[in-house]
Amino acid sequence: MRAADVAQLPCGAHLLLFLTVAAISSAAAQQLPIAPGATTVVITPERGYFTEPAIAVDPRNPLHVLAAYQDNAHVGYSIDGGRHWAVRSVEPPQYRVSGDVSVAYDGKGKAYICYMAFNRLGRFNYWAKNSSRNGLYVRRSPDGGATWDENDIAIVQQPESPTVPWEDKPYIVADNNSSSPYFGNLYVGWTRWTVADSEILFSRSTDAGKSWSQPVEIDKRRGLPRDDNGALEGFAGAVGREGTLYVVWADNGNIVLTTSRDGGRSFSEPRNVIQTAPIMFRLQDLSRGNGFPQIAIGPNGKSRTERLYVTWSDYRNGDVDVFCAASVDGGTTWSEAVRVNDDEPHDGSDQFFQWLASDPVDGSVNVLFYDRRNDSENRSQTVTLARSTDGGRTFRNYSWSRHEFTSGDTFLGDYTGISARDGRVYGIWTEKPPVAPEPTGTVPESRKSAEYLRTHGTVIVVGTANFKTAK
């Protein structure tokens with residue numbers, strides 16, 4: 044599929060109406076200030092089964108942005124700060140389905156997309172039961188996202204067999220710190236499901252993604268085999284300026300931390316560092332919800348030490364809230380949990396699917412999440428950007444999406460994405476537009492799913508904010 048400038052493509056009358064009317068009619072309902080310089084752009088050309096996006100900003104130029112999403116792996120590229128996008132498919136030809144994308148830039152401006160690929164899902168939530176051949180792959184862009192290598196590179200591949208493991212939700216991390224002895228290393232972690240348990244696996248590349256190490260298990264104990272509380276899920280990582288890799292994941296009611304100080308060759312003993320309420324939960328009008336953790340690293344004032352941040356969400360207050368904790372001693376001790384969303388506690392509204400980014404230039408902590416505070420029935424959501432400039436001690440909330448949307452039991456995925464650099468913040472999320480008008484005439488057989496997309500189809504939205512120029 045050739046690249047297309049999505050900003051110039053017709054999105055259809057229903058999408059134009061969705062964006063225009065929503066921005067006007069719901070502005071009065073917003074109770075939060077609009078984020079400085081806030082814009083939103085739909086980067087999918089029409090409705091589809093689009094979910095679980097990711098976003099990254101080029102460390103050499105904050106106007107260069109990479110975005111990705113499923114259904115089947117797609118990647119977008121912007122060189123003007125998210126105003127215009129060129130989007131293309133990078134799905135592997137040897138599989139029927141690909142997704143669970145994550146993206147990264149290295150310190151030299153190369154771009155990477157990592158994804159899982161498979162032929163057939165296993166049993167719902169019990170993914171390793173009756174699963175098909177599957178694998179995890181990386182595709183490289185030598186010019187930061189403008190063009191992509193034709194071939195993907197395997198991290199791990201599972202052949203067709205009755206007991207094949209299921210490799211799930213890979214997350215790619217790049218060491219972009221010029222002071223690091225491991226500058227340029229790439230790291231990927233994920234969950235492996237079997238019919239008996241779940242485990243956290245890890246692989247690294249030291250040659251710009253051309254080859255990957257044999258996967259190793261880095262958890263202390265294995266979790267349950269079902270995609271639910273008790274499983275090991277939600278690998279996320281961040282690299283400090285001296286090359287230390289910090290990794291977290293969810294283990295039932297705990298967030299687990301482990302570190303590698305030798306470029307991913309070995310890891311410390313995993314420790315439970317933050318206690319949470321159960322990390323998987325139900326939400327009205329959504330098939331499922333989770334509070335998987337993310338980790339980020341930022342400066343710690345004038346100190347030589349760095350400040351670690353972890354975000355997650357849980358329902359300790361009855362409704363689901365987003366939380367952040369910080370550490371100034373390399374993860375040994377952590378602050379009390381700070382509530383990121385600033386609506387009244389116990390108000391019955393959920394905030395969920397958060398994602399975290401620390402700005403390495405201005406030191407701010409930025410968190411994106413879906414927010415239902417404006418709906419007394421706790422069914423429709425907006426998108427909120429929370430920002431801390433005092434080391435995660437307090438957060439100011441800003442409106443980003445400017446309108447409410449409902450999911451109506453449509454699958455919105457399991458996560459969102461955010462990235463920040465030099466005062467520019469980029470977020471990415473899934474929305475379900477209002478039901479489109481019924482088509483006139485006969486729907487072609489090739490579009491037999493058109494009725495479902497008309498009522499349940501989703502789009503991917505990129506939001507931008509600019510705090511550098513804010514007064």
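In case it helps, the working numbering puts the sequence shown at residues 44 to 514.
Note that the Cβ used here is the ideal one computed from N, Cα and C, for glycine as well.
Exercise. Can you tell which of A513, P476 and N333 has its C-alpha closest to the C-alpha of N272?
Worked result: N333
For this session: Taking 8 Å as the cut-off, decide whether the C-beta atoms of D393 and N360 are in contact.
Result: no
For this session: For the beta strand (DSSP E) containing N117, list its first residue and its last residue.
Result: A small correction: the amino acid at residue 117 is His; Asn does not occupy that position in the sequence shown. H117 to S121 is the span of the beta strand (DSSP E), which, as asked, contains H117.
For this session: Grab the span of the beta strand (DSSP E) containing Y155 for me, first residue to last.
Result: A154 to F161
For this session: Could you spell out the range, first to last residue, of the alpha helix (DSSP H) harbouring L75?
Result: First-last for L75: undefined, no H or E at that position.
Exercise. Are three or more beta carbon pairs between the region 163-173 and the region 109-129 nearer than 8 Å?
Worked result: no
Exercise. Can the beta-carbon of D390 be found closer than 8 Å to that of D357?
Worked result: no
Exercise. Can you give, in chain order, each stretch of the beta strand (DSSP E) that sits fully within the region 356-413 and has at least 3 residues?
Worked result: 362-370 and 394-401
Exercise. Taking all protein chains shown into account, do 16 or more other C-beta atoms lie within 10 angstroms of the C-beta of D452, making it buried, or fewer, making it exposed?
Worked result: exposed
Exercise. Is the distance from the Cβ of P313 to the Cβ of G296 below 8 Å?
Worked result: no
For this session: Could you tell me whether the region 71-90 touches the region 442-451, using the rule of 3 or more Cβ pairs below 8 Å?
Result: yes
For this session: Let me know the secondary structure DSSP gives R416 once reduced to three states.
Result: coil
Problem set entry | Best match in V468, T507, L496 and I461 for proximity to A97 [C-alpha to C-alpha] | I461
Exercise. Taking just the CA atoms, how far does G178 sit from A508?
Worked result: 36 Å
Problem set entry | Candidates Y413, E379, G406 and A147, of which the one nearest D386 by Cα | Y413
Exercise. Going by the CB atoms, is the gap between Y155 and R183 shorter than 8 Å?
Worked result: yes
Problem set entry | DSSP bridge partner residues for Q337 (one or two, in chain order) | T354
Problem set entry | For A217, the nearest candidate out of Y120, A99 and T449 (CA to CA) | A99
For this session: Give the secondary structure of H107 by DSSP, where H, G and I count as helix, E and B as strand, and everything else as coil.
Result: strand
Problem set entry | S222 and E134 closer than 8 Å at C-beta | no
Exercise. Considering only the beta carbon of each residue, do L288 and Y230 sit closer than 8 Å?
Worked result: yes
For this session: Using a threshold of 8 Å, state whether the C-beta atoms of Y352 and S401 are closer than that.
Result: yes
Exercise. So G374 and L300 are in contact, right, with Cβ under 8 Å, and what is the actual spacing, rounded?
Worked result: 5 Å
Exercise. With a CB to CB cut of under 6 Å and the five nearest residues on each side skipped, what residues in its chain are close to V118?
Worked result: A111, V133 and I156
Exercise. Between T473, G470, Y495 and I471, which lies nearest to E481 when the distance is taken from Cα to Cα?
Worked result: Y495
Exercise. Roughly how many angstroms separate the alpha carbons of L411 and D143, rounded to a whole number?
Worked result: 19 Å
For this session: Just grab the DSSP bridge partners of S442 for me.
Result: I77 and T427
For this session: Would you list the one or two residues that DSSP bridges to G232?
Result: Y214 and F245
For this session: Starting from F448, follow its DSSP beta bridges and name the residues at the other end.
Result: Q424
Problem set entry | Where Y469 sits in the DSSP three-state scheme | strand
Exercise. If you compare alpha carbons, which of E474, G280, W472 and N409 is closest to F510?
Worked result: N409
Exercise. Can you give the beta carbon distance from S256 to S246, rounded, assuming they're within the 8 Å contact cut?
Worked result: 5 Å
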